[in-house]
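Student: Input: one structure, supplied below.
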Amino acid sequence: MEAEIRLLNIDDLKAVKELARHIWEGNDYLGKVAKGWIEEGGFLGLFDADMLIGCAKITHLPDGVVWLEGLRIHPEYQHKGLGKELAKTVLDMALQFVQSGEAQHIEFSTYCLNQESIHISTQAGFKPVDEYYILTHKSVKPASPKHFSKIFDNVTDYFPTSLPYGWKFLHPTKQAVNWLNRKVQVAKAEGGHFYVGGEEPTVCLLSPAGEWLDQALPYIQYYLGKKKEIELLLHPSRAAEIPVLQELGFHWWEEGQEDKIIIYRYLP
Numbered sequence: 000m001e002a003e004i005r006l007l008n009i010d011d012l013k014a015v016k017e018l019a020r021h022i023w024e025g026n027d028y029l030g031k032v033a034k035g036w037i038e039e040g041g042f043l044g045l046f047d048a049d050m051l052i053g054c055a056k057i058t059h060l061p062d063g064v065v066w067l068e069g070l071r072i073h074p075e076y077q078h079k080g081l082g083k084e085l086a087k088t089v090l091d092m093a094l095q096f097v098q099s100g101e102a103q104h105i106e107f108s109t110y111c112l113n114q115e116s117i118h119i120s121t122q123a124g125f126k127p128v129d130e131y132y133i134l135t136h137k138s139v140k141p142a143s144p145k146h147f148s149k150i151f152d153n154v155t156d157y158f159p160t161s162l163p164y165g166w167k168f169l170h171p172t173k174q175a176v177n178w179l180n181r182k183v184q185v186a187k188a189e190g191g192h193f194y195v196g197g198e199e200p201t202v203c204l205l206s207p208a209g210e211w212l213d214q215a216l217p218y219i220q221y222y223l224g225k226k227k228e229i230e231l232l233l234h235p236s237r238a239a240e241i242p243v244l245q246e247l248g249f250h251w252w253e254e255g256q257e258d259k260i261i262i263y264r265y266l267p
């Protein structure tokens, strides 16, 4: 089979949503962000004749980072080498930005048990540079926050090596902090504060985990809308807070399995 790879346009929106319907049992956020990704540019589609069977996105982040995301292959076309082919095309495009001086780094993140993604990327020259725990909490009744804040430069006290934005991760610089403050929601509860952001929103704590977080959960849910789970990201340097989070009802996806997001950088 000869597949075609090209940039997606607004006429492909319906096809992207149809592809998303077949991913993760229909729970893929791809359909929600597709229009914005198409308008932003760098959103590639993989076609078998007229059928969209895969996609991937190149996103520019602060500090010269080209971020790779959204790699999807229709279940009926998996295990045919198409994911590897699409990943190579995306990497080649990203390398053009580096070679032209428009970017300095190529990065992406994936779940720690996504063996196929890890295998393809490490073969291509990516190496792990950071990681985050991801813990979840059942949804709660939302309440509108009353006190707001912003992210300050001391954010590196809590996120020393990268700043989460959903499953994207920024370098911990002033430029990235300013970028985040334009994108995320930052609010306070008595005793601490947090921010929520990302296409698939996650929550990050800007204070040590404690009883204040229990009071903050309705505010967090307010920003998450109808999302059925609250996903919290925690850097391993704060692993001592995990028992506190578990006492407050946070848990791993699979019992006995520490869930992590691994951040990779192209370092051939």
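Going by numbering that gives the first Met the number 0, the sequence shown opens with residue 0, and the numbers climb by one from there.
Built from N, CA and C at the ideal position, the CB exists for glycine as well.
Span of the alpha helix (DSSP H) holding residue 116?
Tutor: Locating residue 116 in the sequence shown gives position 117, where the first residue counts as 1. 114-123 is the span of the alpha helix (DSSP H), which, as asked, contains residue 116.
Student: Since residue 220 and residue 189 should fall inside the 8 Å C-beta cutoff, what is the C-beta to C-beta distance between them, to a whole number of angstroms?
Tutor: One-based indexing of the sequence shown puts residue 220 at position 221. One-based indexing of the sequence shown puts residue 189 at position 190. That belief does not hold up - the Cβ atoms of residue 220 and residue 189 are roughly 17 Å apart, past 8 Å.
Student: Under DSSP, the alpha helix (DSSP H) around residue 213 begins and ends at which residues?
Tutor: As a position in the sequence shown, residue 213 is number 214, starting the count at 1. Start and end: 210-223.
Student: Which residue marks the beginning of the alpha helix (DSSP H) containing residue 229, and which one marks its end?
Tutor: As a working mapping, residue 229 is identified with position 230 in the sequence shown. Unbroken run through residue 229 is the beta strand (DSSP E), 228-233; no alpha helix (DSSP H).
Student: Counting along the chain, where does the alpha helix (DSSP H) carrying residue 96 start and finish?
Tutor: Walking along the sequence shown from the start, residue 96 turns up at place 97. Residue 96 -> alpha helix (DSSP H) spans 81-98.
Student: For residue 227, I'd like the list of residues in its chain whose CB is within less than 6 Å of its CB, leaving aside the five on either flank, ordered along the chain.
Tutor: Along the sequence shown, read from residue 1 onward, the residue named residue 227 stands at position 228. So the qualifying residues of the chain are 138.
Student: Can you tell me whether residue 167 is buried or exposed, with buried defined as 16 or more other CB within 10 angstroms of its CB?
Tutor: Counted from its first residue, the sequence shown places residue 167 at position 168. Classification for residue 167: buried.
Student: Hey, residue 51 and residue 19: beta-carbon distance below 7 Å or not?
Tutor: Stepping through the sequence shown from its first residue, residue 51 is reached at position 52. Stepping through the sequence shown from its first residue, residue 19 is reached at position 20. Cβ atoms of residue 51 and residue 19: not closer than 7 Å.
Student: Just mark residue 9 as buried or exposed, buried being the case when its beta carbon has 16 or more other beta carbons within 10 Å.
Tutor: The residue given as residue 9 occupies position 10 in the sequence shown. Exposed, because fewer than 16 other Cβ atoms sit within 10 Å of the Cβ of residue 9.
Student: Residue 190: beta carbon under 6 Å from a heavy atom of the ligand SAH?
Tutor: In the structure shown, the ligand SAH is absent, as is every other ligand, since no ligand is present at all.
Student: Specify, as a first and last residue, the run of the beta strand (DSSP E) that residue 22 falls within.
Tutor: Against the sequence shown, residue 22 aligns to sequence position 23. Where residue 22 is concerned, there is no enclosing beta strand (DSSP E), given that its DSSP letter is neither H nor E.
Student: Look at the alpha carbon of residue 65 and the alpha carbon of residue 33, and state the distance between them as a whole number of angstroms.
Tutor: Counting from one through the sequence shown, the residue named residue 65 turns up at place 66. Counting from one through the sequence shown, the residue named residue 33 turns up at place 34. So the alpha carbons of these two residues sit roughly 19 Å apart.
Student: Please report the Cβ distance between residue 260 and residue 130, rounded to the nearest whole angstrom; I am assuming they are in contact, meaning their Cβ atoms lie under 8 Å.
Tutor: Indexing the sequence shown from 1 puts residue 260 at position 261. Indexing the sequence shown from 1 puts residue 130 at position 131. At roughly 7 Å, the Cβ-Cβ gap stays under 8 Å, so residue 260 and residue 130 are in contact.
Student: For residue 202, which of 172, 173 and 234 has the nearest alpha-carbon?
Tutor: As a working note, residue 202 is residue 203 in the sequence shown. Checking every option, the nearest Cα to that of residue 202 belongs to 234.
Student: Per DSSP, what are the beta-bridge partners of residue 65 in this structure?
Tutor: Residue mapping note: residue 65 aligns to position 66 of the sequence shown, counting from 1. For residue 65, which the question treats as bridged, DSSP gives the partners 59 and 105.
Student: From the DSSP output, read off the bridge partner residues of residue 74.
Tutor: Working through the sequence shown from its first residue, we reach residue 74 at position 75. According to DSSP, residue 74 bridges with nothing at all.
Student: Taking DSSP's pairing of strands, which residues face residue 137 in a bridge?
Tutor: Within the sequence shown, the letter at position 138 stands for residue 137. DSSP output for residue 137 lists 228 as bridge partner(s).
Student: Closest to residue 30 by CA distance: which of 12, 38, 41 and 43 is it?
Tutor: The residue labelled residue 30 in the question sits at position 31 within the sequence shown. Comparing Cα positions, the closest option is 12.
Student: Buried or exposed for residue 146, please, with buried defined as at least 16 other CB atoms from any protein chain shown within 10 angstroms of its CB.
Tutor: Indexing the sequence shown from 1 puts residue 146 at position 147. Under this definition residue 146 is an exposed residue.
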